[in-house]
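Notes follow the structure.
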Amino acid sequence: MSPQTRLRFAPSPTGALHLGNARTALFNYLAALRMGGTFIIRIEDTDRMRSDPRHETVLLADLAWLGITWQEGPDCGGPSAPYRQSERSVRYADILGQMRELGCIYPCFCTDGQLADDLEKQRRDRKTPRYSGRCARLSATESAGRLRAGEPAAWRWRVEGSGSLDWDDLVYGPQHQELGAIGDFVVCRRDGQPVFLLTNLVDDCEMRITHVLRGVDHLSNTGRQLLMARALSWGAPLYGHLPLLVNPGGIPLAKRDGAVGLGSLARAGYLPIAVQNYLVRLGHPYAENGLLDLEALSRSFDWNSIHRAPAVFDPAQLDHWQHLAVRALDDDAYTQWVTHALGSEAPVGLASLVRDNVRSHADLIQWRERLAGRSPPTEEAQAVLQTLDARLAAYGKAHANAVTLMDFLSGLRTDHPAAFPSRKVYPALRAILTGSLEGPELARIWDWMGPERRQQAFQNIRAQTQPTLSSAEHPA
Ligand code: GLU
165 MSPQTRLRFA
175 PSPTGALHLG
185 NARTALFNYL
195 AALRMGGTFI
205 IRIEDTDRMR
215 SDPRHETVLL
225 ADLAWLGITW
235 QEGPDCGGPS
245 APYRQSERSV
255 RYADILGQMR
265 ELGCIYPCFC
275 TDGQLADDLE
285 KQRRDRKTPR
295 YSGRCARLSA
305 TESAGRLRAG
315 EPAAWRWRVE
325 GSGSLDWDDL
335 VYGPQHQELG
345 AIGDFVVCRR
355 DGQPVFLLTN
365 LVDDCEMRIT
375 HVLRGVDHLS
385 NTGRQLLMAR
395 ALSWGAPLYG
405 HLPLLVNPGG
415 IPLAKRDGAV
425 GLGSLARAGY
435 LPIAVQNYLV
445 RLGHPYAENG
455 LLDLEALSRS
465 FDWNSIHRAP
475 AVFDPAQLDH
485 WQHLAVRALD
495 DDAYTQWVTH
505 ALGSEAPVGL
515 ASLVRDNVRS
525 HADLIQWRER
535 LAGRSPPTEE
545 AQAVLQTLDA
555 RLAAYGKAHA
565 NAVTLMDFLS
575 GLRTDHPAAF
585 PSRKVYPALR
595 AILTGSLEGP
605 ELARIWDWMG
615 PERRQQAFQN
625 IRAQTQPTLS
635 SAEHPA
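Per our numbering: the sequence shown = residues 165 to 640.
See below:
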């Protein structure tokens, strides 16, 4: 498709990238990839109080970690530079000057108190709350005089006419807004700061952005943005809004939900491909159930398929993709992933032993501790250990050096015929050796542990359970 297709992700650097933002970035990126367009990063840091350059650095690193690449942005520049709103103030001042000259904005001297009283009155009269239009009615001479006298003023866009505004949202479909319901709105605050509605639109138009996918919380801004763009004959992008990502309690995911920040997932050992596959399927169906790379994900990406209902973040689903991703790692990448979690001192062979049983770095650490006898048994293992047949413990202490598990079991059956059916002895041995009833195949655990570690495990039988070992009257 047209090389002129341009999409962007425009985060505000007010915190770490949470999964909702990451999904928005990914959708824009996939759309750009699918259409052979350009993908741009723009930093919307006009909120000076909340923006922090350190967040910007982390944010870009998080996006790169996720596998997203951009052709234009604050770090690499490009034809529409600068890509940080804090460096574009001159542009906004210029635009505001043009708007003043065209008469589409006017100074508003209303104080906060007046505005609050107006709103209160409208509420009492059950009217739609909107600006009363007090300063729109001031004569040009009066306004100019008050400005000259240094009276602080915000600048409002004058909404004229009585028709309606209609447009198509790429995701939510036809949209309609009565002009009469839109009050004159602020484009520049009393302190001289242009507002988001303006800077965001100016940048999208100047950067020739063709499509915008963004959170549905911005749907209510779109009408006012299109109103300005149409009045000034600016080529505005096509907008598509993405339903919010909510936690299982139905609350929108926010930056403060640190646990689902991209950075914390990376630190926990989640793999980018797992996060990519999980995120794009949140509210966007894919026929393919396997792990796909970004190129393949982009081929089936279609904003018309995006669901309009909120997407629920489900950690179990994320873990499903992570499991597939760990399995799909080649040997070198898997070793690297393990080394990242355990350091280069990881016990030899541990990584391949537990390969099918780990999804996160925490799982790896847990298996290292379990196999070293350093972690307390799980509840289920504890239950098994509490009714352990003392004959098994005694046999184990004496024969932990049996070369294979099969040798050990056949010896046990010879010594105690019919006392230890497999359905009982397997969980019991797992509990003794690992403190868990799950994990790799028992025979492999046996081999990997070797006589010394096994000896140790039978010696300890997870020490805390010793006093409750049952006697021979309670077969295992
Ligand atoms: N800076 C806005 C945000 O982080 C982006 C708005 C947009 O994408 O148009 O929500």
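For glycine and all other residues, C-beta sits at the position ideal for the given N, C-alpha and C.
All figures in this text were calculated on a predicted structure; none of them were measured in a lab.
Between the stretch 571-581 and the stretch 531-547, do three or more beta carbon pairs fall short of 8 angstroms? The stretch 571-581 is not in contact with the stretch 531-547.
Measuring only from the beta carbon, is Glu208 closer than 6 angstroms to any heavy atom that is part of ligand 1? Within the chosen limit of 6 angstroms, ligand 1 reaches the beta carbon of Glu208 through at least one heavy atom.
Spell out a yes or no on whether the stretch 239-249 and the stretch 317-330 are touching, meaning 3 or more CB-CB pairs, one atom from each, closer than 8 angstroms. Because the criterion of three Cβ pairs below 8 angstroms is not met, the stretch 239-249 and the stretch 317-330 do not touch.
For Ser384, verify whether its CB is less than 6 angstroms away from any heavy atom of ligand 1. No - ligand 1 has no heavy atom lying nearer than 6 angstroms to the Cβ of Ser384.
Sort Val350, Gln235, Pro175 and Asp571 by Cα distance to Ala317 and report the nearest one. Closest by alpha carbon: Val350.
Whether Trp319 touches Leu390 by CB criterion (7 angstroms): No, these two residues do not count as a Cβ contact at 7 angstroms.
Go through the stretch 233-288 residue by residue and report every complete run of the beta strand (DSSP E) that reaches 3 residues or more, in order. Qualifying beta strand (DSSP E) stretches, in chain order: 269-272.
Helix, strand or coil for Val641 per DSSP? There is simply no residue 641 to check, as the chain begins at 165 and stops at 640 in what is shown.
According to DSSP, is Ser384 helix, strand or coil? In this structure, Ser384 counts as helix in the three-state DSSP scheme.
Best match in Asp281, Met199, Val439 and Asn385 for proximity to Leu482 [C-alpha to C-alpha]: When only C-alpha atoms are compared, the closest one is Val439.
Using a Cβ-Cβ cutoff of less than 6 angstroms, which residues in the same chain neighbour Ala515 once the five nearest sequence positions on both sides are dropped? Val502.
Return the chain-ordered list of same chain residues with a C-beta closer than 6 angstroms to the C-beta of Pro591, the five sequence neighbours on each side being excluded. So the qualifying residues of the chain are Val548 and Leu601.
Would you check if there are 3 or more beta carbon pairs closer than 8 angstroms linking the stretch 518-527 to the stretch 469-479? No contact exists between the stretch 518-527 and the stretch 469-479.
Let's see if you can read the secondary structure: which residues bound the alpha helix (DSSP H) around Trp467? Premise fails: Trp467 is in no alpha helix (DSSP H) and is neither H nor E.
Residue from Asp495, Tyr295, Ala186 and Gly261 with nearest C-alpha to Ile232: Ranked by Cα distance from Ile232, the options Asp495, Tyr295, Ala186 and Gly261 are led by Ala186.
Taking 7 angstroms as the threshold (C-beta atoms), are Gly599 and Ala545 in contact? Yes, the pair counts as a contact, with Cβ atoms nearer than the cut-off.
I need the straight-line Cα distance from Arg491 to Leu456, nearest angstrom please. When only Cα atoms are considered, Arg491 and Leu456 end up about 14 angstroms apart.
To the nearest angstrom, how far is the alpha carbon of Arg290 from that of Glu342? Using only the alpha carbons, I get a separation of about 18 angstroms.
How would you label Pro412, buried or exposed, when you count the other beta carbons within 10 angstroms and need 16 or more for buried? Around the beta carbon of Pro412, a 10 Å sphere encloses fewer than 16 other beta carbons of the protein chains shown; the residue is thus reported as exposed.
Helix, strand or coil: how does DSSP classify Asn373 here? Contrary to the premise, residue 373 reads as Ile rather than Asn in this sequence. In the structure shown, Ile373 sits in coil (DSSP, three-state: anything other than H, G, I, E or B).
Candidates Glu543, Ser384 and Arg170: which alpha carbon is nearest Gly201's? Of Glu543, Ser384 and Arg170, the residue nearest in Cα terms is Arg170.
Can Asn364 be considered in contact with ligand 1, in the sense that its beta carbon sits closer than 6 angstroms to one or more heavy atoms? Under cutoff, so the answer is yes.
What are the boundary residues of the alpha helix (DSSP H) that Val350 is part of? Not the alpha helix (DSSP H): Val350 falls in the beta strand (DSSP E), residues Phe349 to Cys352.
Does at least one heavy atom of ligand 1 sit under 6 angstroms from the Cβ of Ala174? Under cutoff, so the answer is yes.
Determine the direct distance from the alpha carbon of Thr374 to that of Arg472, and round the result to whole angstroms. The C-alpha of Arg472 lies about 22 angstroms from the C-alpha of Thr374.
What residue does the alpha helix (DSSP H) around Ser328 start on, and which one ends it? Unbroken run through Ser328 is the beta strand (DSSP E), Ser328 to Asp333; no alpha helix (DSSP H).
Determine the contact status of Leu556 and Leu183, defining contact as a CB-CB distance below 7 angstroms. No Cβ-Cβ contact shorter than 7 angstroms links Leu556 with Leu183.
Are the stretch 214-231 and the stretch 251-271 in contact at 8 angstroms, needing three or more beta carbon pairs? At 8 angstroms Cβ cutoff, the stretches do not touch.
For Ser296 and Pro436, what's the separation of their Cα atoms in angstroms? The straight-line gap separating the alpha-carbon atoms of Ser296 and Pro436 is approximately 51 angstroms.
Whose C-beta lies closer than 8 angstroms to the C-beta of Gly575 among residues of the same chain, with five residues either side of it excluded? So the list reads Tyr559, His563 and Ala566, once near-sequence residues are dropped.
Just checking Arg519 against ligand 1 - is the residue's beta carbon closer than 6 angstroms to any of the ligand's heavy atoms? Taking non-hydrogen atoms of ligand 1 into account, the C-beta of Arg519 is found less than 6 angstroms away from none of them.
Can you tell me the Cα-Cα spacing of Ala225 and Ser428, whole angstroms? Going from the Cα of Ala225 to the Cα of Ser428 covers about 13 angstroms.
By Cβ distance, which residues of its chain are closer than 6 angstroms to Tyr193, with the 5 residues on each side in sequence left out? Within the same chain, Tyr193 has close Cβ partners Phe203 and Ile232.
If you draw a straight line from the C-alpha of Leu517 to the C-alpha of Asp571, how long is it? Going from the Cα of Leu517 to the Cα of Asp571 covers about 21 angstroms.
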